[in-house]
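Below you'll find the structure, written out as structure tokens, and then a few comments.
Protein chains: 2
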Amino acid sequence: MQERVTMADVARAAGVSSATVSYVLSGKRPVAPETRAAVEAAIAELGFTVNSTARSLRTGRSSLVALIVPDIANPFFAQLAATLQEELRGLGIHVVVCNTRARRDEERALLAEAVQQRFAGVVITPFRLLPRDFEAVTRAGIPVVVSADVPFGPVDQIMPETRTATRQALERVTAARRRRIAMIAGPRDATGGDPRLELLRTLALQFGTSLPRELVVRGEHTREAGAAGFAELMDRRYRPDAVFCGNDVIAVGALDKARELGVDIPGDVALVGHDDAVFASLVRPQLTTVRYPAEEVGRAAARLLGERFDGRGVHRTVRVRAEFVARASA
Amino acid sequence: MQERVTMADVARAAGVSSATVSYVLSGKRPVAPETRAAVEAAIAELGFTVNSTARSLRTGRSSLVALIVPDIANPFFAQLAATLQEELRGLGIHVVVCNTRARRDEERALLAEAVQQRFAGVVITPFRLLPRDFEAVTRAGIPVVVSADVPFGPVDQIMPETRTATRQALERVTAARRRRIAMIAGPRDATGGDPRLELLRTLALQFGTSLPRELVVRGEHTREAGAAGFAELMDRRYRPDAVFCGNDVIAVGALDKARELGVDIPGDVALVGHDDAVFASLVRPQLTTVRYPAEEVGRAAARLLGERFDGRGVHRTVRVRAEFVARASA
DNA sequence: ATGAAAGCGCTAACAA
DNA sequence: TTGTTAGCGCTTTCAT
Numbered sequence: 001m002q003e004r005v006t007m008a009d010v011a012r013a014a015g016v017s018s019a020t021v022s023y024v025l026s027g028k029r030p031v032a033p034e035t036r037a038a039v040e041a042a043i044a045e046l047g048f049t050v051n052s053t054a055r056s057l058r059t060g061r062s063s064l065v066a067l068i069v070p071d072i073a074n075p076f077f078a079q080l081a082a083t084l085q086e087e088l089r090g091l092g093i094h095v096v097v098c099n100t101r102a103r104r105d106e107e108r109a110l111l112a113e114a115v116q117q118r119f120a121g122v123v124i125t126p127f128r129l130l131p132r133d134f135e136a137v138t139r140a141g142i143p144v145v146v147s148a149d150v151p152f153g154p155v156d157q158i159m160p161e162t163r164t165a166t167r168q169a170l171e172r173v174t175a176a177r178r179r180r181i182a183m184i185a186g187p188r189d190a191t192g193g194d195p196r197l198e199l200l201r202t203l204a205l206q207f208g209t210s211l212p213r214e215l216v217v218r219g220e221h222t223r224e225a226g227a228a229g230f231a232e233l234m235d236r237r238y239r240p241d242a243v244f245c246g247n248d249v250i251a252v253g254a255l256d257k258a259r260e261l262g263v264d265i266p267g268d269v270a271l272v273g274h275d276d277a278v279f280a281s282l283v284r285p286q287l288t289t290v291r292y293p294a295e296e297v298g299r300a301a302a303r304l305l306g307e308r309f310d311g312r313g314v315h316r317t318v319r320v321r322a323e324f325v326a327r328a329s330a
Numbered sequence: 001m002q003e004r005v006t007m008a009d010v011a012r013a014a015g016v017s018s019a020t021v022s023y024v025l026s027g028k029r030p031v032a033p034e035t036r037a038a039v040e041a042a043i044a045e046l047g048f049t050v051n052s053t054a055r056s057l058r059t060g061r062s063s064l065v066a067l068i069v070p071d072i073a074n075p076f077f078a079q080l081a082a083t084l085q086e087e088l089r090g091l092g093i094h095v096v097v098c099n100t101r102a103r104r105d106e107e108r109a110l111l112a113e114a115v116q117q118r119f120a121g122v123v124i125t126p127f128r129l130l131p132r133d134f135e136a137v138t139r140a141g142i143p144v145v146v147s148a149d150v151p152f153g154p155v156d157q158i159m160p161e162t163r164t165a166t167r168q169a170l171e172r173v174t175a176a177r178r179r180r181i182a183m184i185a186g187p188r189d190a191t192g193g194d195p196r197l198e199l200l201r202t203l204a205l206q207f208g209t210s211l212p213r214e215l216v217v218r219g220e221h222t223r224e225a226g227a228a229g230f231a232e233l234m235d236r237r238y239r240p241d242a243v244f245c246g247n248d249v250i251a252v253g254a255l256d257k258a259r260e261l262g263v264d265i266p267g268d269v270a271l272v273g274h275d276d277a278v279f280a281s282l283v284r285p286q287l288t289t290v291r292y293p294a295e296e297v298g299r300a301a302a303r304l305l306g307e308r309f310d311g312r313g314v315h316r317t318v319r320v321r322a323e324f325v326a327r328a329s330a
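The listed protein sequences correspond, in order, to chains X and S. So the first sequence is numbered by the UniProt record's numbering: it starts at 1 and just counts up by one. So the second sequence is numbered by the UniProt record's numbering: it starts at 1 and just counts up by one.
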């Protein structure tokens with residue numbers, strides 16, 4: 001049962017007080033070079049590492065960041081977790097993953113827990129949450145980074161910049177003389193809005209066409225919902241010749257149904273996904289999509305948190321640029 | 001700035017000592033019913049929740065379990081993380097995700113950190129680690145669950161039971177009169193063995209054929225490696241008519257190359273994957289594969305850890321059964 | 001059945 | 001430039 005080495009042990013070995021050891025580590029007050037050297041030697045010799053539990057208790061701040069998302073098993077969030085973890089590793093911070101299963105009660109419970117446990121920070125993709133649900137966390141002074149399509153009040157935020165990429169997608173589609181644009185959207189979130197849908201509608205107008213209400217269907221972010229949505233659209237008397245999807249999973253479902261119905265993609269209908277999930281390039285035809293890079297979101301989240309740890313006080317919104325990826329489906 | 005409610009606050013409100021509050025929570029010594037009721041009422045009224053940092057400092061045990069894997073972004077491990085997290089949630093335990101990027105130094109560093117931070121447990125899929133790398137962790141009394149193909153010494157372990165499923169795959173392939181069996185294996189791990197390869201070799205013999213050395217190629221678990229491996233196999237004068245892959249990602253790469261070379265799957269060559277990753281059913285032809293269920297691994301890991309927390313002392317090995325999934329590629 | 005109090009290892013006043 | 005020391009909130013031994 002290997003004994004734990006404490007600061008007191010290091011202090012004794014270096015012939016100083018434990019306060020000095022602490023200050024050598026934190027750099028929060030000047031330490032004479034020779035003292036510092038002695039302490040560092042003792043640390044190395046004894047193999048000391050700080051007990052972050054004790055530090056947390058003392059400072060009232062843990063070294064944990066909570067990543068709160070609807071589903072970590074979703075490739076986008078999995079990649080986000082991986083990147084965030086690697087970026088935060090150097091700061092000695094661990095990432096705790098929390099699944100909300102898209103349920104508001106879970107989202108709220110997790111947020112409350114982050115406050116109770118005095119987490120160092122929270123990175124969250126809210127699904128049913130409203131801006132006021134964040135009051136407690138921000139009041140507790142816990143840095144929060146929200147990754148969402150819409151503004152969420154006085155928190156750091158990462159928002160996608162999809163206008164350009166979506167415009168390129170529309171350009172490609174309309175250049176192929178397609179005018180009957182449709183969308184299979186994801187579920188409406190708590191804010192009631194749907195930025196992807198609204199953006200597409202706005203842009204469609206600019207391209208001299210439109211996104212008529214009857215060509216918008218809605219479902220979960222699942223393959224089944226994608227298939228159902230596509231079937232529904234094909235039933236319309238005003239049949240679309242281009243279908244935009246809320247994400248790639250939906251698009252894959254649409255692809256399934258198209259094959260089943262004998263609808264040729266992209267011959268009869270052009271299909272555009274969203275996110276560029278790993279499998280977007282695996283299906284046939286390969287999915288033309290709007291890529292939203294999880295790695296960059298993770299890096300931005302880590303950077304925003306890092307700035308907050310350093311005590312910077314202004315809330316920032318970082319925009320992450322989505323990229324149009326032209327493949328075979330449109 | 002909302003004040004934190006401590007046990008002392010609860011004790012004061014209930015007219016008892018903080019020790020009693022602690023014992024009401026832990027049940028480690030009898031408390032009079034009316035005392036208990038008073039304490040519970042105070043807890044509810046004040047909205048008290050224990051400070052797990054303080055508890056950890058005192059007990060020398062945190063409420064964190066580390067999930068140490070080569071890559072959380074890998075769908076298998078992402079699903080494992082999700083399940084583990086949900087199963088452990090009820091025990092008040094958080095899951096910290098740790099990426100090793102398949103590097104031994106990272107694996108060792110993470111294991112060492114788990115000891116230093118007195119984690120409540122570790123769930124690990126070792127990649128380059130040897131059994132003796134676990135000595136420190138077990139000596140520290142930290143429950144370890146290893147998910148691997150081979151035995152790893154005195155730890156709880158989850159091992160796949162793939163014999164039956166692999167036999168079924170071979171049955172299907174040989175029933176179609178295929179005899180020239182090949183494999184695109186993953187990288188050789190630190191133990192030097194490759195159970196999937198060895199199992200296939202053994203079974204092939206039983207089916208009256210073999211897995212000749214020249215029909216075994218090896219690479220990383222990537223799409224590129226799969227493509228390269230397949231190309232190499234198609235170059236052999238003794239050309240295989242059935243190719244087994246170390247995992248589904250490799251199989252997808254093989255599929256890419258087959259299409260490029262004009263090799264018909266399954267007409268010319270049958271292709272069998274491994275794991276049943278999400279995209280196995282997305283590619284065309286859909287992948288015939290040996291499904292290894294991450295959910296069950298996660299549940300088993302949580303169960304094993306739970307037993308250890310309860311103080312059960314024997315090391316157990318849980319076998320998780322893989323399942324043959326027949327689709328179009330073989 | 002309950003309470004008093006020590007102390008886990010660290011940080012940050014306050015002193016010198 | 002460095003040391004002394006008081007806690008952070010909890011668990012648990014020792015008393016009662």
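From the three backbone atoms N, C-alpha and C, an ideal C-beta is built for every residue, glycine too. All of these numbers come straight from a predicted model, not from anything done at the bench.
Looking only at its chain, what residues have a beta carbon closer than 6 Å to the beta carbon of S/D149, apart from the 5 residues adjacent to it on each side?
Within the second sequence, numbered from 1, the residue matching residue 149 of chain S stands at position 149. Here the set comprises P195.
Who does S/Q85 pair with in a DSSP beta bridge?
Looking up residue 85 of chain S in the second sequence gives position 85. None, per the DSSP bridge assignment.
Does the region 222-229 of chain S come into contact with the region 104-114 of chain S, if we say contact requires no fewer than three beta-carbon pairs (one atom in each stretch) closer than 8 Å?
no
What residue ranges within the region 140-172 of chain S form continuous beta strand (DSSP E) runs of no fewer than 3 residues, ordered along the chain?
For the region 140-172 of chain S, whole beta strand (DSSP E) runs of length 3 or above, ordered along the chain, are 144-147, 156-161.
For X/S329, does the count of other Cβ atoms within 10 angstroms reach 16, so buried, or fall short, so exposed?
Locating residue 329 of chain X in the first sequence gives position 329, counting from the first residue. Answer is buried; the Cβ neighbour count reaches 16.
In the DSSP output, which residue or residues are listed as bridge partners for S/N99?
In the second sequence, the residue the question calls residue 99 of chain S occupies position 99. In the DSSP output, where bridge partners are listed per residue, S/N99 has S/V69.
On the three-state DSSP scale, how would you describe X/I124?
Counting from one through the first sequence, the residue named residue 124 of chain X turns up at place 124. Three-state result, X/I124: strand.
Label S/V65 either buried or exposed according to how many other C-beta atoms from any shown protein chain fall within 10 Å of its C-beta, with 16 as the threshold for buried.
Translated into the one-based positions of the second sequence, residue 65 of chain S becomes position 65. Counting Cβ neighbours within 10 Å, S/V65 comes out buried, since at least 16 surround it.
Would you report the Cα separation of X/E220 and X/R188, rounded to the nearest angstrom?
Sequence index remark: in the first sequence, residue 220 of chain X carries index 220 (1-based). Sequence index remark: in the first sequence, residue 188 of chain X carries index 188 (1-based). The straight-line gap from Cα to Cα measures roughly 9 Å.
Would you please state the rounded distance, in angstroms, between the beta carbons of S/R101 and S/P70? I believe it to be under 8 Å.
By one-based count along the second sequence, residue 101 of chain S stands at place 101. By one-based count along the second sequence, residue 70 of chain S stands at place 70. Indeed they touch by this definition, with Cβ atoms about 7 Å apart.
Inspect the beta-carbon positions of S/A242 and S/L80 and report whether they are closer than 9 Å.
By 1-based counting over the second sequence, the position of residue 242 of chain S is 242. By 1-based counting over the second sequence, the position of residue 80 of chain S is 80. No, these two residues do not count as a Cβ contact at 9 Å.
Please state whether the Cβ-Cβ distance between X/V290 and X/A175 is less than 9 Å.
The residue labelled residue 290 of chain X in the question sits at position 290 within the first sequence. The residue labelled residue 175 of chain X in the question sits at position 175 within the first sequence. Taking 9 Å as the Cβ cut-off, X/V290 and X/A175 do not qualify as a contacting pair.
Run through the region 241-324 of chain X for me and flag every whole beta strand (DSSP E) of 3 or more residues, listed as ranges in chain order.
242-245, 270-275, 288-291, 317-321
Drop a sphere of 10 angstroms on the beta-carbon of X/R319, count the other beta-carbons inside from all chains shown, and report buried for 16 or more, exposed for fewer.
Here residue 319 of chain X refers to the residue found at position 319 when the first sequence is read from its first residue. Classification of X/R319: exposed, given that the 10 Å Cβ count is below 16.
So which residues on chain S does X/H94 lean against when the C-beta distance must stay under 7 Å?
Residue numbering aside, residue 94 of chain X sits at position 94 when the first sequence is read from its first letter. The answer, in chain order, is V96.
Where do the ends of the alpha helix (DSSP H) carrying S/A328 lie?
In the second sequence, the residue the question calls residue 328 of chain S occupies position 328. Where S/A328 is concerned, there is no enclosing alpha helix (DSSP H), given that its DSSP letter is neither H nor E.
List, in chain order, every chain X residue whose beta-carbon is nearer than 8 Å to that of S/T209.
To locate residue 209 of chain S, count along the second sequence from 1; it is residue 209. The premise fails here: S/T209 is roughly 31 Å from chain X at the closest Cβ pair, so nothing lies under 8 Å.
Would you grab the beta carbon distance between X/L84 and X/L57 for me? Rounded to a whole angstrom, and I think it's under 8 Å.
If you number the first sequence from 1, residue 84 of chain X lands on position 84. If you number the first sequence from 1, residue 57 of chain X lands on position 57. At roughly 25 Å, the Cβ-Cβ gap does not stay under 8 Å, so X/L84 and X/L57 are not in contact.
Roughly how many angstroms lie between the CA atoms of S/D133 and S/G193, to the nearest whole one?
Counting from 1 along the second sequence, the entry for residue 133 of chain S is found at position 133. Counting from 1 along the second sequence, the entry for residue 193 of chain S is found at position 193. For S/D133 and S/G193, the distance between alpha carbons rounds to 17 Å.
Going along chain S, which residues have a C-beta under 9 Å from X/L205?
Translated into the one-based positions of the first sequence, residue 205 of chain X becomes position 205. Ordered by position in chain S, no residue passes the 9 Å Cβ test against X/L205, which lies about 34 Å from the chain.
Judging by CA-CA distance, which residue of S/V216, S/V269, S/N247 is the nearest neighbour of S/R178?
Here residue 178 of chain S corresponds to residue number 178 of the second sequence, with the count starting at 1. The option with the nearest alpha carbon to S/R178 is S/V269.
Select from X/Q206, X/V297, X/L91 the residue whose C-alpha is nearest the C-alpha of X/A78.
Looking up residue 78 of chain X in the first sequence gives position 78. It is X/V297 whose Cα lies nearest to the Cα of X/A78.
Who are the neighbours of X/R284 on chain S, taking C-beta pairs under 7 Å?
Reading the first sequence from its first residue, position 284 is the one you call residue 284 of chain X. Near X/R284 (Cβ distances below 7 Å), the residues of chain S are R284.
For a quick check, are the C-beta atoms of X/T222 and X/I250 less than 9 Å apart?
Walking along the first sequence from the start, residue 222 of chain X turns up at place 222. Walking along the first sequence from the start, residue 250 of chain X turns up at place 250. In contact: X/T222 and X/I250 (Cβ atoms closer than 9 Å).
Identify which residue in X/V325, X/R327, X/E323, X/H315 has its Cα closest to the Cα of X/D156.
By 1-based counting over the first sequence, the position of residue 156 of chain X is 156. The option with the nearest alpha carbon to X/D156 is X/H315.
Please specify which runs of the beta strand (DSSP E), each continuous and at least 3 residues long, are wholly inside the region 188-232 of chain X, giving them in chain order.
Within the region 188-232 of chain X, complete beta strand (DSSP E) segments of at least 3 residues are found at 216-218, given in chain order.
Kindly say whether X/I72, judged by its beta-carbon, lies nearer than 9 Å to any beta-carbon of chain S.
In the first sequence, the residue the question calls residue 72 of chain X occupies position 72. Interface residue, yes.
Among the residues of its own chain, which have a CB less than 7 Å from the CB of X/L211, if the five just before and after it don't count?
By one-based count along the first sequence, residue 211 of chain X stands at place 211. Once the five neighbours on either side are set aside, the close Cβ partners of X/L211 are I181, M183, L200, R201, A204.
Do we get a CB-CB distance below 9 Å when we pair X/P266 with the residues of chain S?
Residue mapping note: residue 266 of chain X aligns to position 266 of the first sequence, counting from 1. Using a CB distance cut-off of 9 Å, X/P266 does not count as an interface residue toward chain S.
X/E224 touches chain S at which residues, Cβ-Cβ below 9 Å?
Position 224 of the first sequence, counted from the first residue, corresponds to residue 224 of chain X. Those do not exist, as X/E224 stays about 13 Å from chain S at its closest Cβ, beyond 9 Å.
I'd like to know if the region 269-279 of chain X and the region 253-260 of chain X are in contact, where contact means that at least 3 CB-CB pairs between them fall below 8 Å.
Output reads yes: the region 253-260 of chain X touches the region 269-279 of chain X.
Count the other C-beta atoms from every protein chain shown that fall within 10 angstroms of the C-beta of X/P154, then say buried if there are 16 or more, exposed otherwise.
On the first sequence, position 154 is the one that residue 154 of chain X refers to. Counting Cβ neighbours within 10 Å, X/P154 comes out exposed, since fewer than 16 surround it.
Could you give the residue range of the alpha helix (DSSP H) that holds X/A112?
Reading the first sequence from its first residue, position 112 is the one you call residue 112 of chain X. Residues 104-116.
Indicate the three-state DSSP secondary structure (helix, strand or coil) for X/L64 in the structure shown.
Counting from 1 along the first sequence, the entry for residue 64 of chain X is found at position 64. It is a strand residue.
Is the shortest distance between the beta-carbon of S/V173 and the beta-carbons of chain X less than 9 Å?
If you number the second sequence from 1, residue 173 of chain S lands on position 173. The beta carbon of S/V173 sits no closer than 9 Å to any beta carbon of chain X.
Taking only beta-carbon atoms, is X/Q85 less than 9 Å away from chain S?
What you label residue 85 of chain X is simply residue 85 of the first sequence in a count that begins at 1. So, interface residue.
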